[in-house]
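To start, the structure under review is shown below, and the notes come after it.
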Amino acid sequence: METLGTFAHLAEEIAREAGEMLLAKRPARPEVLATKSSPTDVVTALDKASEELIRARIKAVRPEDAILGEEGGSTGDGRVRWIVDPIDGTVNFLYGLPDWAVSIAVEVDGEIVAGVVNVVPRGEVFTAARGEGAWLSGERLRCNTGVPLNRALIATGFGYETGRRKIQAEVLAHVLPRVRDIRRAGSAAADLCSVAAGRVDGYYERGPQVWDYAAGGLVATEAGARLGGLNGGAASPELTLCAAPGLFEELHDLLAPLDPERDA
Ligand code: IPD
Ligand code: CA
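Numbering follows this note's numbering, with no gaps: position 256 of the sequence shown is 296.
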């Protein structure tokens, strides 16, 4: 019988194996294999190798499941779908910065039920199963609560296209004077886990894809955070927001009038 624990356990095993492979094979200076949405949106051979390994492991155990991966797109149409980012934070991976992660989520009938984010260089594997909490190294995670916006440390990220970044910079110019400070770690999955672990108070970003936020989003919500978009909508590539209830609404109300979902 499938249980949430089974999915979380399998996702964790696979994310750990992919992380070990990446650590073992990462050259001192990984080479850019291709670019995607812009010349700075890169993919390395190891993004592809990681996704291939993850797909092979899923298929070996659950051949009927659908898989959506950042590099390989969508395959299959089962009611169980695995959502995979083989390396989230590829630019950090390229430069040898420590915030990059293997992110794997499991969705059943459209609902994310398990999520694992392996922040490989830090040796930190964040796990969550719906209704069963979020965990790091045997410790249950709880996001920070009761932090007002003007004391909040807020993580964000930027897209790869110039027109998008122009607006993101405008929005940031409004946010920065109104919060404690901003962090740009370079991995949306790791940012959401940082909300869960209380290392930042909140996160917002225009543009993350479902493979960037599916697993980390569950880790954050299972740690007590709220995840969503503008005006009661779900988290999406238009805008993804995450923080404890209270701060979530304050951040939302700061962002909404800035029309942060547009691109130049
Ligand atoms: C990116 C990272 C980054 C975020 C970008 C994402 P990638 O993913 O999550 O933090 O700001 O929006 O595209 O390209 O490294 O897999
Ligand atoms: Ca990503």
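C-beta atoms are modelled at their ideal positions from N, C-alpha and C, and glycine is treated no differently.
- Between ALA192 and ASP241, the C-beta gap is smaller than 8 Å, which places the two residues in contact.
- In the DSSP assignment, no residue is bridged to GLY118.
- Ranked by how close their Cα comes to the Cα of ARG102, the residues PRO138, VAL82, ALA51 and LEU73 have ALA51 in first place.
- In terms of Cβ geometry, VAL153 and LEU44 form a close pair [threshold 8 Å].
- By the Cβ neighbour-count rule, SER90 is buried, with 16 or more other Cβ atoms within 10 Å of its own.
- For THR196, there is no enclosing alpha helix (DSSP H); the residue is part of the beta strand (DSSP E) that begins and ends at 193–196.
- Going by beta carbons, GLU289 and LEU270 fall outside the 8 Å limit.
- If you check the C-beta of ILE94 against ligand 1, you find no heavy atom less than 7 Å away.
- In the pairwise beta carbon analysis, the region 187–201 is classified as touching the region 214–229: at least three pairs are separated by under 8 Å.
- CA-to-CA, the gap between PHE198 and ALA100 works out to about 36 Å.
- If only uninterrupted beta strand (DSSP E) runs of at least 3 residues are considered, those enclosed by the region 184–252 are 193–196, 221–223 and 242–245.
- By the Cβ rule, the region 112–131 does not count as touching the region 258–268, because fewer than three pairs are nearer than 8 Å.
- Here the distance from the Cβ of PHE198 to the nearest heavy atom of ligand 1 is below 7 Å.
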